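Notes follow once the structure below has been shown.
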Amino acid sequence: MRHARYLSPTWSLSARKVSRKGKDAYRDAINAAGVTGLTVLKCDSAQSTAKIFGGKIPAAVDPALANHRIKRTLIQKLRKADNPFGLGIEGVLHWQKKMQSLPHGKQYVWKVASENGEEIIITMLPYLPDRIHTAKASLHDNTYARVHGVWKEWEVVIWDHRVDFRVTIGRIYSQHEKLEIFLKMWPGLFETIAHVTKCEVKIKFIDGEGLQAIILDGNKPQANALGAYLVGRNRPHLSGIHERNPKLILPNCVRTCIFHVHRKFSEMAKVVPDEPMGRIRKSLYLKTQVEVDDFVQWCKISEYKVVRDWIADKDSIPWFFPSINQFLSNMSEKDCVKQKKRKGEKEKERLPDESELAGTLSDVERPDLSQPLTPVPALRAAGPAEFQSTQHFQLDSSLEPRSPASSRLFWPDSDSEFLLLPGKLTEYLPYDE
1 MRHARYLSPT
11 WSLSARKVSR
21 KGKDAYRDAI
31 NAAGVTGLTV
41 LKCDSAQSTA
51 KIFGGKIPAA
61 VDPALANHRI
71 KRTLIQKLRK
81 ADNPFGLGIE
91 GVLHWQKKMQ
101 SLPHGKQYVW
111 KVASENGEEI
121 IITMLPYLPD
131 RIHTAKASLH
141 DNTYARVHGV
151 WKEWEVVIWD
161 HRVDFRVTIG
171 RIYSQHEKLE
181 IFLKMWPGLF
191 ETIAHVTKCE
201 VKIKFIDGEG
211 LQAIILDGNK
221 PQANALGAYL
231 VGRNRPHLSG
241 IHERNPKLIL
251 PNCVRTCIFH
261 VHRKFSEMAK
271 VVPDEPMGRI
281 RKSLYLKTQV
291 EVDDFVQWCK
301 ISEYKVVRDW
311 IADKDSIPWF
321 FPSINQFLSN
331 MSEKDCVKQK
341 KRKGEKEKER
351 LPDESELAGT
361 LSDVERPDLS
371 QPLTPVPALR
381 AAGPAEFQST
391 QHFQLDSSLE
401 PRSPASSRLF
411 WPDSDSEFLL
421 LPGKLTEYLP
431 YDE
């Protein structure tokens, strides 16, 4: 006697094959929701889907759409059609090639370099990098909370005094944080800005004008690679500086982000009592090399391992104390950009409202939001709703009111997931005045 095959309630009510009407309707729903980053759950729960299906769930219109596999296949086919070269480095190269045929003001992926299995992708919106030429300082930091997989995002930020907040002018993507990568990233960054803006970035201690300070997060390979770039870029006959050691040239312009310093001190304070921590915090205000040497020796014989480990690392970096202490820096007091204490406890971004931009950006500077820009593959991982957008560079309705440069793209995939994100106006690491 044959046993009857068990059919689940869902399967017993659903058709084995989706109808042409149901397939077309669900495709319309996919396109309305945006194939970038779309999942079956997101598509089914989208307001646009309910509107297309007359306020009903898709399965109520076509029983076959109760099968998630069918809907997932429809999404995957549309995604593949939208990205014939995939979401890997080949896809990025494809979009870069397409963008090269666009007007200068609509390009975004400016450089894709691959050597010995290491890829670097340099991206920036063309109307933002020009602001670095009037900035007093640039800030550089790797971000981790907004990326997925092996890719790391390196933000390039400046303080724009004209609109009185920080502006992310570019994003660079790589897979590792090591010296060899940063040795390519620094020249690539400044060369790309020069290409986009038709003007070389000036650094004050070298050129007599331009950036007074370059603020880093304390990453040693990042700083040492910058030193190598500065040595090659330096013009001794103009700057009067003949230093050829990459580590020793850094005190002329490098500052360490005070937020990162205080964050490390807060971690140490969990195991180090208040009195010794007080002396450690005062290292920011030491005025002579003798005081520094005395402090270093005190840390080396500390009874707390975390203090000994910390000073063992920092004592090997000749640029560290000059980068956190203006008395030890080669920069003048005027050029030593002061970093004020943060308001918040966490490192966050704040997108300015449209009202904050009113009167600060000219009509020439303000991008045209009426026309979507050409899409590129996105390399950012799943995140809050604000990371989800249409497949074009246009303002996401979930971000209104936001800055004109705050569009985000989101593109999930399996192992080869990257993220390319347009530069956006953002207050980065805000400090009190």
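In case it helps, full-length UniProt numbering puts the sequence shown at residues 1 to 433.
Yeah, the Cβ is synthetic: ideal placement off N, Cα and C, and Gly gets one too.
Predicted model, so just to flag it, every value in this text is computed and none were measured.
Take the alpha-carbon of arginine 308 and the one of arginine 263: they are about 17 Å apart.
When rounded, the separation of the alpha-carbon atoms in leucine 238 and lysine 80 is 55 Å. Close CB contacts of arginine 281 within its chain, under the 7 Å cut and outside five residues either way in sequence, are with Phe265 (chain order).
The alpha carbon of asparagine 142 has as its nearest neighbour, out of Lys136, Val150, Ala135, the alpha carbon of Val150.
About 16 Å separates the CB atoms of leucine 286 and asparagine 330; that is not less than 8 Å, and the two are not in contact. Serine 114 is bridged by DSSP to Glu119. Distances from the CA of glycine 278 to each of Ser45, Cys299, Leu38 were compared; the closest alpha carbon is that of Cys299. Look at histidine 237 here: in three-state DSSP terms it is helix. One Cα belongs to threonine 36, the other to isoleucine 317, and the distance between them is close to 44 Å.
Of the residues Lys56, Ala113, Ile193, Pro246, the one whose Cα lies closest to the Cα of serine 138 is Ile193. Residue burial annotation: serine 45 is exposed, with fewer than 16 other C-beta atoms found within 10 angstroms of its C-beta. Secondary structure at serine 45: helix, using DSSP grouped into helix, strand and coil. In this structure, the straight-line span from the alpha carbon of tyrosine 144 to that of glutamate 153 is close to 7 Å. Residue pairing for valine 157: DSSP places it in a beta bridge opposite Leu139, Thr168. In the three-state DSSP reduction, isoleucine 89 falls in the helix class (H, G or I). Of Ile75, Arg69, Ile121, the smallest CA-CA separation from glycine 91 is found for Ile121. Under the DSSP assignment, valine 307 falls outside any beta strand (DSSP E), being part of the alpha helix (DSSP H) whose first and last residues are 305-314. A Cβ-Cβ separation of about 6 Å places isoleucine 203 in contact with cysteine 253 under the 8 Å criterion. Distance from the CA atom of valine 296 to the CA atom of aspartate 315, rounded to whole angstroms, is 7 Å. The criterion of a C-beta distance shorter than 9 Å is not satisfied by alanine 64 and threonine 49. Judged by DSSP secondary structure, valine 196 falls within the alpha helix (DSSP H) whose first and last residues are 179-197. Distance from the CA of glutamine 212 to the CA of tryptophan 95, rounded to the nearest whole angstrom, comes to 36 Å.
Annotated three-state conformation of threonine 256 is strand, per DSSP. DSSP places leucine 248 in the uninterrupted alpha helix (DSSP H) bounded by 246-249. Taking a cut-off of 8 Å for Cβ pairs, the stretch 54-72 and the stretch 14-29 touch, as three or more such pairs fall below it.
Counted as a single uninterrupted DSSP element, the alpha helix (DSSP H) harbouring isoleucine 324 occupies residues 320-324. Per the coordinates, the alpha-carbon of glycine 218 lies some 58 Å from the alpha-carbon of lysine 17.
Of the other Cβ atoms in all chains shown, 16 or more fall within 10 Å of the Cβ of valine 272; this residue is therefore buried. Where leucine 128 is concerned, there is no enclosing beta strand (DSSP E), because DSSP gives it neither an H nor an E.
Rounded to the nearest angstrom, the gap between the Cα atoms of phenylalanine 259 and tyrosine 304 is 23 Å.
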